[in-house]
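In this text, residue positions in the sequence shown follow UniProt numbering: the first is 1, and each later residue adds one.
Built from N, CA and C at the ideal position, the CB exists for glycine as well.
What follows is a short report on a single structure.
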Amino acid sequence: MASTLAVGGAATLATDHAHADVDPRTPGTLTPPADGGPFLHGVASGDPLPTSVVLWTRITPTPQAQPGSGRGPRVRVGWEVALDADFATVVAHGTATTGPERDHTVHVDPFTLSPDTAYFYRFTALDGPDAGATSPVGRTRTTPEDDAAVERWRLAVCSCANLEAGYFEAYRDIADRAGRGEFDAVVHLGDYIYEYATGAKVGKNGVARAFHPPHALVTRADYAARYGQYRLDPSLQRAHAALPWIVTWDDHEVADNWHADGSPDHHADQGSWADRRDGAMRAYFDWLPVRGSAPADGGRLYRTLRVGTLAELHMLDLRSYRRGPGQLLPGRAGSTIVGAEQFTWLSGKLRTSDTRWSLVGTSVMISPVSAAGLDDAVRPLLAELIGVALPVELNATMNLDQWDGYVADRHRLLEQIAADRPDGSTVFLTGDIHSEWAGVVRHGGEVIGAELVTSSVSATNVDDRLHLPKNNPVSRLAAAHLLANNGHFSHLNLDEHGYLEVVITREDVAATWWRVDDVEAEHSPLSAGPSARYGDAQLTMTPP
1 MASTLAVGGA ATLATDHAHA DVDPRTPGTL TPPADGGPFL HGVASGDPLP
51 TSVVLWTRIT PTPQAQPGSG RGPRVRVGWE VALDADFATV VAHGTATTGP
101 ERDHTVHVDP FTLSPDTAYF YRFTALDGPD AGATSPVGRT RTTPEDDAAV
151 ERWRLAVCSC ANLEAGYFEA YRDIADRAGR GEFDAVVHLG DYIYEYATGA
201 KVGKNGVARA FHPPHALVTR ADYAARYGQY RLDPSLQRAH AALPWIVTWD
251 DHEVADNWHA DGSPDHHADQ GSWADRRDGA MRAYFDWLPV RGSAPADGGR
301 LYRTLRVGTL AELHMLDLRS YRRGPGQLLP GRAGSTIVGA EQFTWLSGKL
351 RTSDTRWSLV GTSVMISPVS AAGLDDAVRP LLAELIGVAL PVELNATMNL
401 DQWDGYVADR HRLLEQIAAD RPDGSTVFLT GDIHSEWAGV VRHGGEVIGA
451 ELVTSSVSAT NVDDRLHLPK NNPVSRLAAA HLLANNGHFS HLNLDEHGYL
501 EVVITREDVA ATWWRVDDVE AEHSPLSAGP SARYGDAQLT MTPP
């Protein structure tokens, strides 16, 4: 992975990389901007700290140096950080070197910045025919000092962006609102890309934008090419350039419902599972503005970010250490969703935290969800949506890919939270399930926290699968049954796309679901849906 860069320093970026013959210049309706120069994939920042933030770009030094191609020369890229968009006051600068071994991506970690400060950054090509060309300008922000008395932190929480199922209007709206100063960071909870072959999971009206490459992703080069296609999306580019992102992966960054030892969607003719998994991990760390290195290279994705004395955000990795698929009957030896090392880390963080709130970014739902008594016509549709087909006699637990399939780990974690943070100051932020949920988290009958679940950016949900309008009778019936069977939830919607706005203050955590009018229509507007407010171990809902 990238070396840490000091002001004025240089670094060489090096990992091994596969070769593929790809040309994503015309992937579906996504094409590079005509005047994009060598920085076709924009800029990004992530993992903010009080004195640093990861700065990212990708340079295309030659037409042959396409994502995943393994081609193109090694080149130097200059970087600058300034207090103003005109770069009159540059406070940090340096040089990085990249090449095909890192898919020509660049990661910079300055570590010389001031806390709680907005910065502008850009990159400059230093070699080849594009020498002197500059990237788009990005805006980012460091977090306050650890002991700062922060009063508010504003997050845009999102997950599950399927390019073929619709447009990324949620990202466009996040970028627009960030430009007005309404957000401090994006929290992305996984399924940043989808690994499917083209046509596998599409919207009501078919393929919105065809995948590149068109086959299911298997090699590191395949995944890199798909990331390259995604990062041509103008809404995604704008959202990355507007504010720092804090990310984790779920399953589709690798393969459907994957765990450390395999995936039900990986087949013998696709080669080694370990090679596929590790290549996908490395492509993720190449293309996302994340600090460190992939688990495949001895690094880790789980981490904590702190915002003064207001909150700590613990971002989990619920795939790399997961052993075996989820199970209906608890107690199988070795079954885990978090792994021993990550559990020890999270336990320690929760036990010693001195912030007002502990936020946990979990890619899958921790709350139990029972489908007992669900109408026989509805249950198979929900099972298809979540990718778990349960026989009728075993339909009480709806989704074994969630914490419901790993009840021993969940019990241990909630038991500790009940002992160490009994005031209910733990909030789980969740993605994965392409629907809106809000509820309290209980242990031993007592409320010890809350869970807020964002809908999908564009990945299909119930109305899409049924080819019915939003708020149709089947979706309403399913939601009503699930709410009736699961009294800890106060809100559920199975049809909307968008993102979740979360505002953390010392008094409470407030959330609003923002909804895209038509995810299959480019430039479709968004509007505010219902809102939740959680404080003093109580959750209240307000309709739109």
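Note on the UniProt domain "Phospholipase D N-terminal" (41-142): whole beta strand (DSSP E) runs with a minimum of 3 residues are 43-46, 54-58, 75-82, 90-98, 105-108, 118-125, 138-141, in chain order.
For the set F168, R180, L492, R351, the Cα lying nearest the Cα of S524 is the one of F168.
Contact check for D464 against N472 fails: the beta carbons are separated by 7 Å or more. Judged by beta-carbon spacing, A149 lies within the 7 Å limit of T309, meaning their Cβ atoms are closer than that value. Excluding sequence positions up to five before and after L83, its CB lies within less than 7 Å of the CB of T89, V91, Y119, all in the same chain and listed in chain order. In this structure, S455 places its C-beta atom within 7 Å of the C-beta atom of E496. When the beta-carbon positions are compared, V106 and A96 come within less than 7 Å of each other. In the DSSP assignment, Y534 is bridged to V509, L539. With a cutoff of 7 Å on beta-carbon distance, H488 and G439 are scored as near each other. Taken through DSSP and simplified to helix, strand or coil, G298 comes out as coil.
Under the three-state reduction of DSSP output, I417 falls in the helix class. Secondary structure note for T344: it is in no beta strand (DSSP E), and the uninterrupted alpha helix (DSSP H) holding it is 340-352.
With fewer than 16 other Cβ atoms inside 10 Å of its own Cβ, S527 counts as exposed. Close CB contacts of R322 within its chain, under the 7 Å cut and outside five residues either way in sequence, are with H259, A260, T336, I337 (chain order). As summarised for the region 218-258, the continuous alpha helix (DSSP H) elements at least 4 residues long and confined to that stretch are 220-230, 234-242, given in chain order.
Straight-line measurement puts the Cα of E415 at about 21 Å from the Cα of S370. A residue is called buried once 16 or more other Cβ atoms fall within 10 Å of its Cβ, and R172 is buried on that count. Taking every protein chain shown into account, the CB of P213 has 16 or more other CB atoms within 10 angstroms, so this residue is buried.
With respect to D191, S235 sits apart: the two C-beta atoms are not nearer than 7 Å.
Cβ contact annotation for D250 (same chain, cutoff 6 Å, sequence separation greater than five): G190, D191, S363, D432, in chain order.
Taking a cut-off of 8 Å for Cβ pairs, the region 490-506 and the region 129-139 do not touch, as fewer than three such pairs fall below it. Nearest neighbour of V254 by Cα position, chosen from W245, R226, R231, turns out to be R226.
In terms of Cα proximity to E312, the closest of A175, V290, I246, D297 is I246.
With a contact defined as Cβ atoms closer than 8 Å, S347 and R421 miss out at about 11 Å.
Distance check between D278 and each of D265, P295, S367 places P295 closest, using alpha-carbon atoms only. Between F183 and A156, the C-beta gap is smaller than 7 Å, which places the two residues in contact. For F285, the enclosing alpha helix (DSSP H) begins and ends at 273-287.
Per DSSP, the unbroken beta strand (DSSP E) holding E446 starts and ends at 446-453.
For the set P100, M365, S435, the Cα lying nearest the Cα of P61 is the one of P100. Counting along the chain, R172 sits inside the alpha helix (DSSP H) bounded by residues 169-179. Taking the Cβ atoms as the reference, A44 lies roughly 4 Å from H240, within the contact range of under 8 Å. For the set A478, M398, Q327, W437, the Cα lying nearest the Cα of D409 is the one of Q327. Going by C-alpha positions, L288 is about 30 Å away from S425. For M315, the pairing in a beta bridge is given by DSSP as R303, G361. For F343, the closest alpha carbon among the candidates G298, L413, M398 is that of L413.
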